[in-house]
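Q: Can you read through this structure? Questions will come right after.
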Amino acid sequence: MLSVLLVVAGCSSPSPRAVPAEPGWSRSPSGLSMPTESPQDWDLLFTDDFDRDEVGGDWGVYSGSPGGDPYSHWDPDQVRVADGLLTLHGSQDDDEQWVTGGVSNWPVSQTYGKWEVRFRADPSDEVTFHFLLWPKSDQWPPEIDFLEDFGGDRTEVSSFLHYRESDGDRNRKQWQLSGTDFSQWHTAGVEWMPGSVKFLVDGEVWAETTEQQAGIVPDEPMWLGLQAQSGGCQRKIDYGYPDCPIVGVPDTADVQIDWVAVYAPASLP
Numbered sequence: 007m008l009s010v011l012l013v014v015a016g017c018s019s020p021s022p023r024a025v026p027a028e029p030g031w032s033r034s035p036s037g038l039s040m041p042t043e044s045p046q047d048w049d050l051l052f053t054d055d056f057d058r059d060e061v062g063g064d065w066g067v068y069s070g071s072p073g074g075d076p077y078s079h080w081d082p083d084q085v086r087v088a089d090g091l092l093t094l095h096g097s098q099d100d101d102e103q104w105v106t107g108g109v110s111n112w113p114v115s116q117t118y119g120k121w122e123v124r125f126r127a128d129p130s131d132e133v134t135f136h137f138l139l140w141p142k143s144d145q146w147p148p149e150i151d152f153l154e155d156f157g158g159d160r161t162e163v164s165s166f167l168h169y170r171e172s173d174g175d176r177n178r179k180q181w182q183l184s185g186t187d188f189s190q191w192h193t194a195g196v197e198w199m200p201g202s203v204k205f206l207v208d209g210e211v212w213a214e215t216t217e218q219q220a221g222i223v224p225d226e227p228m229w230l231g232l233q234a235q236s237g238g239c240q241r242k243i244d245y246g247y248p249d250c251p252i253v254g255v256p257d258t259a260d261v262q263i264d265w266v267a268v269y270a271p272a273s274l275p
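Numbered by this note's numbering, the letters in the sequence shown go through residues 7 to 275 in order.
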């Protein structure tokens, strides 16, 4: 369903930065403060509350077009950090082409872990959002799309697990969630362990792999990608959805991210 960038601009190679003992941003725009302590079974590895006015070295900014998506184009100018928020902006350029923003947390890659993203998204039939884990090797699949949508009123989302069959064929599993309004603030999450992937919203598991699906779970280092893309209505039509448009196409649409937290497993089974 979703492919990674063709070009990553502005990347550097820092180590995961230390988590402060006290929050670096006392006011949370979303109303829920960023985690500062390790919960049971997890070690807090990396956090970012975007308390600055630049993207920073922990993130690479996307430029170019996603593979397999002819409707999208990423522009680094569509990524903004201000007022404690990372904003992935969507709008039309002078040629009336839709351009959006996307970033990768590629310096913080690991095999197994937990990721949380506190976010909201403006309703739009054009601009979509995609939160995913991408292989450090850049050899696809695998891919874990732990929350994504294809535009609309932000109440219909999906998760995908992309994998390769034993005969080499590519395949995927899909889970769908309806009824949660992601135009309001929520926390998307994923817990990835050997043979297991759990998808979370606001700390609650809403879907997970089964015992029969354990063999399709990745076992290589992956990093977090946060992406806004365009062409939501066209993609729905391609996939056979009958109800497009739903809310229309505002001139602009933002995906706003308050904070990100990454955890390593305290131990492995």
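Even for Gly, the Cβ is constructed at its ideal location relative to N, Cα and C.
Isoleucine 252: which of Gly158, Gly62, Val261, Val207 sits nearest, CA to CA?
A: Gly158
Q: Return the bridge partner residues of proline 141 from the DSSP annotation.
A: Met228
Q: What whole-angstrom Cβ distance do asparagine 111 and tryptophan 65 have, given they're in contact under 8 Å?
A: 6 Å
Q: Where threonine 216 and lysine 204 are concerned, what is the direct C-alpha to C-alpha distance, given to the nearest angstrom?
A: Whole-angstrom Cα-Cα distance: 10 Å.
Q: At which residue ranges does the segment 198-269 contain complete alpha helix (DSSP H) runs of 4 or more residues, listed in the order of the chain?
A: 238-244
Q: Note the first and the last residue of the continuous beta strand (DSSP E) segment covering arginine 126.
A: 119-127
Q: With which residues is phenylalanine 188 paired in a DSSP beta bridge?
A: As computed with DSSP, phenylalanine 188 is found in no beta bridge at all.
Q: If you reduce the DSSP assignment to three classes, tell me which class glutamine 103 lands in.
A: coil
Q: Cα-Cα, which of Asp144, Gly195, Pro147 is closest to serine 165?
A: Gly195
Q: Are the beta-carbon atoms belonging to serine 236 and threonine 106 less than 7 Å from one another?
A: yes
Q: Would you say glycine 63 lies against chain B (beta-carbon separation less than 7 Å)?
A: The structure shown has no chain B; it contains just one protein chain.
Q: Could you work out which residue in Thr93, Asp81, Val87, Leu91 is closest to aspartate 99 when comparing CA atoms only?
A: Asp81
Q: Can you tell me whether aspartate 64 is helix, strand or coil according to DSSP?
A: coil
Q: Taking only the alpha-carbon atoms, compute the straight-line gap between glutamate 43 and leucine 50 and give it to the nearest angstrom.
A: Rounded to the nearest angstrom, the two C-alpha atoms are 7 Å apart.
Q: Under three-state DSSP, which class holds glutamine 46?
A: coil
Q: What would DSSP say about proline 271, mapped onto helix, strand or coil?
A: strand
Q: Do you know whose CA, among Arg160, His192, Ser172, lies nearest serine 184's CA?
A: Among Arg160, His192, Ser172, the Cα nearest to that of serine 184 is on Arg160.
Q: If you drop the 5 nearest sequence neighbours on each side, which residues of the same chain put their C-beta closer than 6 Å to that of glutamine 84?
A: His95, Val105, Thr106, Gly107
Q: My assumption, with CB atoms under 8 Å, is that glycine 119 sits in contact with alanine 220. Please give the rounded CB distance.
A: In fact, because the Cβ distance is near 17 Å, the residues do not count as touching under 8 Å.
Q: Are glutamate 132 and valine 255 close, meaning C-beta to C-beta below 7 Å?
A: yes
Q: In the DSSP assignment, find the unbroken beta strand (DSSP E) run with tryptophan 109 in it and report its ends.
A: Residue identity differs from the one stated: residue 109 is valine in this sequence, not tryptophan. Segment 108-110, the beta strand (DSSP E) holding valine 109.
Q: Comparing alpha-carbon positions, which option in Leu91, Gln46, Glu149 lies nearest glycine 62?
A: The option with the nearest alpha carbon to glycine 62 is Leu91.
Q: Pull up the distance between the alpha-carbon of lysine 242 and that of proline 200, whole angstroms please.
A: 33 Å
Q: Within 10 Å of its beta-carbon, does tyrosine 169 have 16 or more other beta-carbons around it, so buried, or fewer, so exposed?
A: buried
Q: Run through the DSSP bridge pairs and tell me what glutamine 180 is partnered with.
A: Paired residues: Phe166.
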